[in-house]
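One structure is given below, encoded as structure tokens.
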Amino acid sequence: MTPLPRFVQIEPVGQCNLACRMCPVVMRGDGGPGKRPAFMAYEVFCRLLDQFPDVSELHLQGLGEPMLHPRFFDMVAYAAGRGIEVSTNTNLTAFSDRRADQCVQSGLRRMHVSLDAAEPEAYEYIRVGSRFSRVLRNLQRLREAKLRLQSSNPEVRLVAVAMRRNLEQIPALVQLAHDNGIRHVSVQHLCHDFSEGSLPECYAPMREFIDSEMLSAQDVGEAFAQARRLAQALEVDLRLPRLQGEGRKPGCDWPWRGSYIAYSGEAMPCCMVATPDRINFGNMATQGVAEIWSSERYEAFRTALASESPPDICRGCSLYRGTF
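Numbering-wise (the working numbering), the sequence shown opens with residue 95 and increments by one.
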């Protein structure tokens with residue numbers, strides 16, 4: 095039996111206030127116009143978390159924008175009160191002075207801010223529905239709240255998804271981070287090529303977009319080199335992705351070391367799958383964590399993943415390929 099993990103990722107919200115071009119949230123359509131909000135109930139969240147007795151790290155985010163949840167900071171505080179290190183990802187658009195204070199006071203340890211370009215045109219093309227100036231203003235709000243409340247937390251990191259559209263922006267993002275007091279920039283590859291044969295038809299536009307934007311090792315050249323030089327000069331910790339041909343031997347340990355739970359309670363192999371209609375092992379909210387975690391379906395998936403014939407959905411994953 096696989097022991098329950100110490101790392102858990104829970105998706106509090108399955109909808110977003112933006113329509114990012116590389117994200118399947120719009121195609122999935124949960125919480126859209128005329129539908130009920132795609133939120134995990136606070137009581138369900140607490141009940142799920144309580145079933146992981148040894149959890150030490152919680153990532154409170156999934157496919158949607160977590161700060162849309164009216165009790166997001168209650169979730170953070172509940173976990174932090176148990177001594178759990180809590181992190182999140184956000185587009186930092188659903189923000190205010192009050193929420194900046196809550197980021198500090200709730201016990202949130204780390205915040206990854208998604209910012210894919212250092213100038214408005216490229217950013218607003220990728221993050222449809224956002225405004226570059228709004229994100230910069232909200233970064234300043236959070237920085238001021240930390241100073242006012244005399245706290246180093248949450249640690250803020252910038253996260254960017256590298257693609258053809260924003261490749262030349264990567265060095266400028268390093269400079270932007272430095273100018274805003276941010277010491278860490280993580281650049282990642284597009285997470286999945288959506289190539290599995292069982293892919294629901296609604297995600298076909300994702301495959302087309304990724305095919306047109308995915309970078310190769312031949313593409314990055316001077317942009318990555320310049321970003322590395324600038325990061326070293328500015329003492330910014332820069333993480334750049336491997337690309338095809340540079341990766342390690344394929345493999346992944348996610349389904350052993352971490353649990354990923356959608357807002358609706360379904361358990362998925364990892365965050366790279368993103369949406370339970372592609373694959374899930376059952377509903378932890380209704381069936382219980384231990385029953386699903388140790389189920390025959392979950393264990394069969396782990397066995398296949400460790401073999402020379404991994405599940406189809408893993409073959410197109412950049413984390414599995416070692417290029418994330």
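Every residue gets a Cβ at the ideal spot worked out from N, C-alpha and C, and that includes glycine.
Practice task
Ignore the nearest five residues each way along the sequence and tell me which others in H278's own chain have a CB closer than 6 Å to its CB.
Solution key: Excluding residues within five positions, the ones whose Cβ falls inside 6 Å are R251, D331.
Handout entry: Neighbourhood of P335 by C-beta, 7 Å cutoff - its chain only, sequence neighbours within 5 removed
Key = These residues qualify, in order along the chain: A256, V281, Q282, H283, T417, F418.
Practice task
Could you check how far apart the C-beta atoms of V170 and S200 are, in whole angstroms? I think they sit under 8 Å.
Solution key: Contact between V170 and S200 holds: CB atoms are separated by about 4 Å, below the 8 Å threshold.
Handout entry: Bridge-paired residues (DSSP) for D331
Key = BP columns for D331 point to H278.
Practice task
Give the C-beta separation of M378 and A361 to the nearest angstrom, bearing in mind that I take them to be a contact with Cβ-Cβ under 8 Å.
Solution key: Confirmed, Cβ separation roughly 5 Å.
Exercise for the section: Taking the CB atoms as reference points, tell me whether E159 and A113 lie closer together than 9 Å. Expected result: The answer is no: Cβ separation not under 9 Å.
Exercise for the section: Using a threshold of 9 Å, state whether the C-beta atoms of L233 and L186 are closer than that. Expected result: Closer than 9 Å, so yes.
Problem - Element boundaries [alpha helix (DSSP H), containing G352] - result: From DSSP, G352 is part of no alpha helix (DSSP H) but of the beta strand (DSSP E) over 352 to 355.
Problem - alpha helix (DSSP H) segment containing I178, residue limits - result: For I178, there is no enclosing alpha helix (DSSP H), as DSSP marks it with neither H nor E.
Handout entry: Beta-carbon proximity list for S412, same chain, < 6 Å, skipping 5 on both sides
Key = H283, C285, F418, listed in sequence order.
Problem - Option in R204, R193, P164, T184 with minimal Cα separation from I178 - result: For the residues R204, R193, P164, T184, the minimum Cα distance to I178 belongs to R204.
Practice task
Note down the Cα distance separating A212 from L230, rounded to an integer number of angstroms.
Solution key: Cα-Cα distance, rounded: 10 Å.
Exercise for the section: Could you check the C-alpha separation between S292 and R372 for me, to the nearest Å? Expected result: Between S292 and R372, the C-alpha separation is close to 7 Å.
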